[in-house]
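Asks: So for the sequence shown, the working numbering puts the first residue at 361; every next one is plus one.
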Amino acid sequence: MANLLWFAHSICLLLFHLHFQAFPSLSFSFNSSSAAIQCQYDQSLALLQFKTSLSVKSAPSPWSFLHHPKPYLKTESWKEGTDCCWWDGITCDMETGNVIGLHLSNSFLYGPIYSNNPLFSLRHLRKLDLSLNDFNHSRIVPQFGQFSKLTHLNLSYSGFVGQIPSEITYLSGLLSLDLSWNYDLISETTIFTKLVQNLTQLRELDLSEVNMSVVAPSSLMNLSSSLTSLKLEFCEMQGKIPDISRLSKLVSLDLSWNFGGLTIEPMIFDKLDRNLTKIRDLAFGDVNMSMVEPSSLMNISSYLSSLGLRYCELKGKFPDNIIQRSNLQLLDLLGNEDLNGSLPRHNWNNSLRSLSLSLTQITIYLDHDFISNLKSLETLELCQCNFRVSNLKFLGMLTRLITLDISFNNFSGQIPSSLGSLKQLSYLYLSDNNFSGEIPSSFKNLKQLQELWLQNNHCSGPIPHYFTNFTLLYVLYLSNNKFTGPIPFQVGGFSSLISLYLSNNLLNATIPPSVFILPQLRYLLLDNNQLTGRLGPFQENPLVHIDLSNNKLYGFIPSSIFKLVDLNVLILSSNKLIGEVSSAVCNLNSLKILDLSNNSLNGFIPQCLGNFSNDLSVLHLGTNNFQGTIPETFSARGSLRYLNFNGNQLQRRIPLSISNCRNLEILDLGNNNIDDSFPHFLETLPELQILILKSNKLHGFVKGSSTNYSFSKLRMFDLSDNMLSGPLPSGYFNNFKAMMNFDVKMEYMRTPNFSYDYSVRLTLKGVEIELVRIQTLLTTIDLSGNKFTGEIPQSIGKLKALKLLNFSHNQLTGNIQPSLRESSNLESLDLSSNFLVGRIPMQLTDLTFLQVFRVSDNRLEGPIPEGKQFNTFDKSSYEGNLGLCGFPLEKCNNGERQKPEISKEDDSNSKFGFGWQPVVAGYGCGVIFGIAMGYRVFKTRKPIWFVRIVEGQRRAKPKRFKN
C-alpha cells in the first residue's frame, strides 16, 4: 500500500512538472515546491532581507482599483525557518529549489530600491513583477540588467523616475517588458535603439507614459518581428507613424494619446489594413487621421475585436456596417466631431460589449430598436451626442451595463428611475445636464457603483443615506447642484472613497468627523456651501487636495492637518477661522497651493513660508489680522506664482528676497502698514503681471525703469493711497509692453495645473472690490492718493490696451495730454483733484469706450467737448473747475465762463489739489464695464464685511483617461 501511494505521488509530481514545461506562462501565478527539494537557504535569506529593506505603506497604489485581485501584503507570509517556495508571490524551480518567480504586484511595498538591494542576488529569476507599488521616486538601477535569465519584467505603476538604464537592454531573453505608467521615466534615443537591437525575442512591450519625446517614430520599424503586443500611450512621440506592417504578428497595437504629435497617412494606414491580418485590438486615440477616409476602416482585419479611435479627426460618413461585424466587441469613436452618418436600425452585432459615440455627429435614435441591438453591452458612452430621439427609460433594459455616460446632453426632468435596475453598474456619468428633483430611490440597488458623476445639474433634496452602503464607491461627484441638509453621517462607511466632491450646493450642517478620517480619501472638496462646525481632527491618510472655502467653519486650524504629508492643495478661505497659524504648516513640503484668506487669523506669519516648499505656487493669506513682518527669505528654487498678503497689519519693509521668485505673476501686498520706499527691485521679475501695493506707507520717489525690460508684462499697477512723491514714473510707462498690446486672448488667470483662480482687490467708485476671477484683458494703472507732482507724461498715450487710469488726488500740473486719445480702450479716466490747467482736449471724444470720466477739482477752463461719450457724463465729472462751461454745466459765453474772484482763503484750501476738505475715499474711478465678472465688495482700507458675487464655474468635463 505504501509503495502504491509513493508511486501515485511520483506520478502527480511528474505531471505537475510537465504541466509547467507545457505552460510556462502559468507558473508565475502559482506557488510550488517539491516534497524533496526546498527553497535554497541563501535565496530565502535574500528574500527576507529584501522584505526588511522596504516599508509597508498603509494605503495601496492609487491605481490598484483598476486591477484585480485586490491588493494585499504578500510578504506577510514570509517567515524565517519556513520553506520560501510556499510563500505568497514566490515560484520555485521544482528540481533545484531556486527562486524563479517573484510576483509582488499590488503588495503595499514602499521605499527606494538601491543597487545593493538583496533582490539582485536572486540570479535565477525568470519572472519579476513589482508593479503597483511605490518605490518613492527612485531610479531603476543598472543591477536590474543582471537578471540574465529573465523572460518577464514588470515594473509598471511603481513610481520610478529618471532615465531607463541601458543595462535593461542586456536582458536579451525577455519576452515581456512593462515599464508603463511611471510618470517621470525617460527613454533616450540610444536606449530605445539598443532595446530594439538586443531584445529580439520580445513579444510584449509596454512603455506607456515613458517620455519618448526624443525618439523618432521611424525607429518602430526595427522592433522585433515576434511582437504580438505594442503599447506606447502618452509617450510624447512626435511625427509620422512609419510603415510597421512588417510586424505581422501584432495582435494588439496602441499608439494613443501622444499629445496629438503622431499622424498617419492614408497609404500607411492601408498597408496596416492589408498586412496586420491578425490584429484584434487597435487603438489610435489622438493620432491625426484627418486624411484617412472613414470608409477604409472596413478593410481592417476580420479578427478585429477592439477599435479605439478617440479624437482622431476623422471626417465624413462613418461606415455603419462595421458595427455588424461578428467579432467586434469594442467601438470607440469619441471626439471625432466631424464624423457623421447614422447607425443601422436593425441587425447589429449582438456581441458588442462597448460603444462610444460621444462628441460625434452620428445620428442616434435612443428608442426600443436602438436598445434591442445592444443586449450584450457593458459600456455605453453617449456624451454630447446628436440625439433625434432620447427616451432614457429604455436604458434600464441594458442590464449588463457596467459603464453608462449620458453627460452633456441637456436632458431635463427627473433622473429616470429605470436606471436603478442596472445592478451591475459601476460607472455612472450624468453630469452637465438639466436633471432636477431628488435622486431616485431606486438607486439604492446600485451597490456595485464605483463612480457617480452628477455635477452641474439642478438636483435637490438630501444626499441619500443609502449611498453609504456603496462600499465600492471611490468617486462621488455631486458639485454644482442644490442638495440640502447634512452630509450623511454614515459617510464613514465609504471605506474605498478616494474623491468626494460636494462643492457649490446648499449643505448646511456640520461636517461629520468621519469625513476627516476616511482611509483612502485623496480629494475632499466641500467649498461653497453653508457648512458649520469645527475642522478635523484629521488622521494620517493620503489626502492631497482639501478645499473647504466659503463656508461657516469656525475655531482653530487643527494641528493634525499639518501631518498630511501628501497634501498638495489646502484651501480654507472665507470661513470664520481664528487663532495663529503654526509653523508646523511648513511640514507640508509638498504643498502647491495654500489659501487661508478671508478669515480672522492673527499672530505672525510663519517665517518659514517663504522657502519651505519648492513646489508652492500659490500663497494667499490676505484679509486676516496678521501682524509683524513679511517673511524675509524667499527661495530662488521656488515655483511661487501668486503671493497675496492684502488686508492685514503687516509692517516694516518689503524683503529684497521676493526678487528671487522668478515665476511670480501676481504680488498683492495692499492694505497693510508697510513703511518703505518703492521696491524698485521688483522690476527684475520677468513674469510679473499684477503689482498691488496700495494703502500702505510707501514714500519717496518712484524713479522709473532701470532696464529696457522692467515690468514689461505688467498689466495692473496699483500704488494708490500711499505717500509717494516726485514726478510720475514715465520710464515705467514706456516699458509697459503688455499694456500696449490689446490683441490678447480673453482668458482667466489661474494656476496651470490646478483650477485655482487668482483674485485681486481694486478700488472702483470709492468701494474696494475683490475680483474673484481676473481677465487677461483687464489693464489698470492707479496712482491716486499720493503726492505726485509735475505734468502727465505724453508717453501714457502709448498704452493702447489700458482700461482704467487713475491719477486723482495728487499734485499734478500742466495740461491734460491730448495723447490720451491713443489709449483707445480706456473705460475709466480719473484725473480729479490735481492742479491741471487749460482745456479738456477735444481729441478725448475719440475714446468711444469711456464710461467714467472725472476731472473735477482742478483749474481747467474753456468749453467741455461735445458728442459721443461726453454727452453721457454728469456735473460731478467737472465740479470744482470754475472756468469750465458747456453741457452739463452752464452754457459758454464766447467759449468761456466768467470766473469769480478767488479769495485768499479759497486759494489756501485748494493748494493741495483738493477743492474741499478730504473725505473718506469719496473719489473713485467708476465701473469697468464688461470686465468685473465676479467680485467681493469691501469697505476701503480695512475690510470687515464682504459680499461675494461669483461667476458660475465653467462646465468642463475632466478627461477621465488621464488626470
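Idealized CB from N, CA, C, for every residue including glycine.
A quick note: this is a predicted structure, and the numbers were derived from the prediction, not measured.
(1) Is the shortest distance between the beta-carbon of methionine 572 and the beta-carbons of chain D less than 8 angstroms?
(2) Leaving aside the five residues before and after glycine 695 along the sequence, list all residues of the same chain whose C-beta is less than 6 angstroms from its C-beta, in chain order.
(3) How long is the line joining the alpha carbons of asparagine 794 and asparagine 770, rounded to whole angstroms?
(4) Report the residue ranges of all alpha helix (DSSP H) runs contained in full by the segment 899-949; include only those spanning at least 4 residues, in chain order.
(5) The alpha helix (DSSP H) spanning glutamine 1229 covers which residue range?
(6) For phenylalanine 771, which of helix, strand or coil comes out of DSSP?
(7) What residue range is occupied by the uninterrupted beta strand (DSSP E) comprising threonine 763?
(8) Any idea which residues DSSP pairs leucine 1099 with across the strands?
(9) Specify the secondary structure class of threonine 828 as computed by DSSP and reduced to three states.
(10) Taking the CB atoms as reference points, tell me whether leucine 790 and leucine 814 lie closer together than 8 angstroms.
(11) Return the first residue and the last residue of the beta strand (DSSP E) that arginine 1219 is part of.
(12) Grab me the residues of tryptophan 617's own chain with a C-beta within less than 6 angstroms of its C-beta, minus the 5 sequence neighbours each way, in chain order.
(13) Could you spell out the range, first to last residue, of the alpha helix (DSSP H) harbouring phenylalanine 410?
(14) So who's on the other strand from lysine 600, going by DSSP bridges?
(15) Just to confirm, are glutamate 1187 and glutamine 1203 a CB contact at a threshold of 8 angstroms?
(16) So asparagine 901 and leucine 881 are supposed to be a Cβ contact under 8 angstroms. How far apart are they, rounded?
(17) Do glutamate 1107 and threonine 1136 count as a contact pair if the criterion is CB distance below 8 angstroms?
(18) Over what stretch of residues does the beta strand (DSSP E) that includes leucine 354 continue unbroken?
(19) To the nearest whole angstrom, what separates the beta carbons of phenylalanine 495 and lysine 417, a pair I think is in contact under 8 angstroms?
(20) Report, in whole angstroms, the separation of the C-beta atoms of leucine 788 and phenylalanine 754, which I expect to be a contact under 8 angstroms.
(21) Nearest by alpha-carbon distance to valine 749: which of Asp633, Asp603, Thr723, Ser1080 is it?
(22) Please report the distance separating the alpha-carbon of serine 973 from that of leucine 932.
(23) With a cut-off of 8 angstroms on the beta carbons, I'd call leucine 886 and leucine 857 a contact; round off their distance for me.
(24) Measure the beta-carbon distance from glycine 982 to glycine 1007 and round it to whole angstroms, keeping in mind my assumption that it falls under 8 angstroms.
(25) Tell me, to the nearest whole angstrom, how far the beta carbon of leucine 1143 is from that of leucine 1207; I am working on the premise that it is less than 8 angstroms.
(26) So what does valine 416 bridge to, in DSSP terms?
(27) Threonine 456 to isoleucine 450, Cα distance in whole Å?
(28) Can you give me the start and stop residues for the beta strand (DSSP E) that serine 960 sits inside?
(29) Would you mind giving the Cβ-Cβ distance between leucine 1053 and leucine 1029, rounded to the nearest angstrom? I have them listed as a contact below 8 angstroms.
(30) Taking only runs of the beta strand (DSSP E) that begin and end inside the segment 874-902, which ones reach a length of at least 3 residues, in chain order?
(31) What is the rounded straight-line gap between the Cα of glutamine 744 and the Cα of leucine 699?
(32) Would you say asparagine 1033 and leucine 1048 are within 8 angstroms of each other, going by their C-beta atoms?
(33) Our contact map puts isoleucine 500 next to phenylalanine 520 with C-beta atoms below 8 angstroms; I'd like the distance itself, whole angstroms only.
(34) Let me know the beta strand (DSSP E) ranges lying completely inside the segment 1065-1095, each 3 residues or longer, listed in chain order.
(35) Could you check where the beta strand (DSSP E) with histidine 1040 kicks off and where it finishes?
(36) What did DSSP end up calling arginine 634 once you bin it into helix, strand or coil?
Replies: Let's see:
(1) Checking the listed chains, one finds no chain D in this structure; it contains a single protein chain.
(2) Arg670, Tyr671, Leu719
(3) 5 angstroms
(4) none
(5) No alpha helix (DSSP H) holds glutamine 1229; DSSP gives it neither H nor E.
(6) coil
(7) 763-765
(8) Looking at the sequence itself, residue 1099 is methionine, so the reference to leucine does not match. Bridge partners of methionine 1099: none, in fact.
(9) helix
(10) yes
(11) Per DSSP, arginine 1219 belongs to the beta strand (DSSP E) from 1219-1223.
(12) Once the five neighbours on either side are set aside, the close Cβ partners of tryptophan 617 are Glu593, Phe594, Gly645, Asp646.
(13) 401-412
(14) Thr623
(15) no
(16) 6 angstroms
(17) yes
(18) In the structure displayed, the chain extends from 361 to 1323; residue 354 sits before or after that span and is not available.
(19) That pair is no contact at about 11 angstroms.
(20) Their Cβ separation, rounded to whole angstroms, is 16 angstroms, which puts leucine 788 and phenylalanine 754 out of contact at 8 angstroms.
(21) Thr723 is the residue among Asp633, Asp603, Thr723, Ser1080 whose C-alpha sits nearest the C-alpha of valine 749.
(22) 19 angstroms
(23) Leucine 886 to leucine 857, Cβ: 13 angstroms. No contact.
(24) 5 angstroms
(25) Not quite, the Cβ-Cβ distance comes to about 19 angstroms (not below 8 angstroms), so this is no contact.
(26) Leu469
(27) Cα-Cα distance, rounded: 14 angstroms.
(28) 960-964
(29) 6 angstroms
(30) 883-885
(31) 13 angstroms
(32) no
(33) Distance from isoleucine 500 to phenylalanine 520 at the Cβ level is roughly 5 angstroms; contact confirmed, criterion being Cβ atoms closer than 8 angstroms.
(34) You should have 1076-1078, 1083-1087.
(35) Careful: histidine 1040 lies outside any beta strand (DSSP E) and carries neither H nor E.
(36) Note: arginine 634 maps to helix in three-state DSSP.
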